[in-house]
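A.B. asks: Take the sequence shown: its letters are residues 4 to 144, numbered as in UniProt numbering. No residue lacks a Cβ here, since even glycine has one placed at the ideal position from N, Cα and C.
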Amino acid sequence: AERTLVLVKPDGVRRGLVGEVLRRVESKGYTLVALEMRTADGELLGAHYAEHEGKPFFGPLVEFMASGPVVAVVVEGHRAIEGFRSLAGSTDPTSAAPGTIRGDLGRDWGVAVTQNLVHGSDSPESAAREIGLWFPGLAPA
Ligand code: ATP
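1. Relative to the C-alpha of Ala75, which residue among Leu108, Gly140, Ala53 and Ile134 is closest?
2. Would you kindly work out how many angstroms separate the C-alpha atoms of Arg41 and Val121, rounded to a whole number?
3. Within the continuous beta strand (DSSP E) that includes Val21, where are the two ends?
4. Output the boundary residues of the alpha helix (DSSP H) element that contains Val16.
5. For Ala37, which beta-bridge partners are listed by DSSP?
6. Is DSSP giving Leu8 helix, strand or coil here?
7. Using only the alpha-carbon positions, how far apart do Ala4 and Gly86 sit?
8. Report yes if the C-beta of Asp125 is less than 7 Å from at least one heavy atom of the ligand ATP; otherwise report no.
9. Do three or more CB pairs link the region 87 to 94 to the region 108 to 124 at distances below 8 Å?
10. Look at the Cβ atom of Thr117, then the Cβ atom of Pro63, and state whether they are nearer than 8 Å.
11. Closer than 6 Å by C-beta to Leu38: which residues in its own chain qualify, once you throw out the five before and the five after it? Chain order, please.
12. What span of residues does the beta strand (DSSP E) with Gly123 cover, start to end?
13. How far does the alpha helix (DSSP H) with Ala130 in it extend, from its first residue to its last?
14. Among Thr34, His81 and Pro72, whose alpha-carbon lies nearest the alpha-carbon of Pro13?
15. Taking DSSP's pairing of strands, which residues face Val114 in a bridge?
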């Protein structure tokens, strides 16, 4: 089975949507392998979002992600990476399809698309890298 890193971002935690996100993940049939709530620091977030360094939204994104606790979850299941991205919906919550986490629960609060409730790894390579960053002690699958 494949693993992916899911984050409930600070907006999701503040709005009380942790249970709703996890309910959708579990209802889909995926397994929660590890779970932790923490407030991430700039070092972790800089590494997590290294591919976006230098982009105009990088600073605001890291600042937002450090603004409160996130819930980090390792999710496992057949094709879980693609499956969770499908559950999450497209990046911009205004245009994300109804039925998805971002489409059902998110909207543009006047802060571009930075606050979009969740993160999910986008490839097996990113998943391995991100799981290593957030859960350095976790035994490999
Ligand atoms: P994630 O990787 O978090 O699941 P994603 O793959 O849909 O999201 P990416 O393009 O990888 O989106 O961007 C990572 C995150 O950066 C987005 O989820 C969003 O929070 C933020 N972001 C992306 N593009 C913009 C933008 N143009 N303006 C502001 N924030 C952005």
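C.D. replies: Once the coordinates are examined:
1. When each option's Cα is compared against that of Ala75, the closest is Ile134.
2. Taken atom to atom, the span from the alpha-carbon of Arg41 to that of Val121 is near 15 Å.
3. Looking at the DSSP string, Val21 is not in any beta strand (DSSP E); the run it does join, the alpha helix (DSSP H), is Val21 to Ser30.
4. First-last of the alpha helix (DSSP H) with Val16: Pro13 to Arg17.
5. Per DSSP, Val77.
6. In the three-state scheme derived from DSSP, where H, G and I count as helix and E and B as strand, Leu8 is classed as strand.
7. Ala4 and Gly86 have their alpha carbons spaced roughly 12 Å apart.
8. Yes, the beta carbon of Asp125 sits closer than 7 Å to at least one heavy atom of the ligand ATP.
9. Judged by Cβ distances under 8 Å, the region 87 to 94 makes contact with the region 108 to 124, as three or more pairs qualify.
10. Yes, the Cβ-Cβ distance between Thr117 and Pro63 is below 8 Å.
11. The residues Val76, in chain order, have a CB closer than 6 Å to that of Leu38 in the same chain once the five nearest residues on each side in sequence are set aside.
12. Start and end: Val121 to Gly123.
13. In the DSSP annotation of this structure, the continuous segment of the alpha helix (DSSP H) that includes Ala130 starts and ends at Pro127 to Trp137.
14. The shortest CA-to-CA distance from Pro13 to any of Thr34, His81 and Pro72 is the one to Pro72.
15. Note: Val114 sits in a beta bridge opposite Val116.
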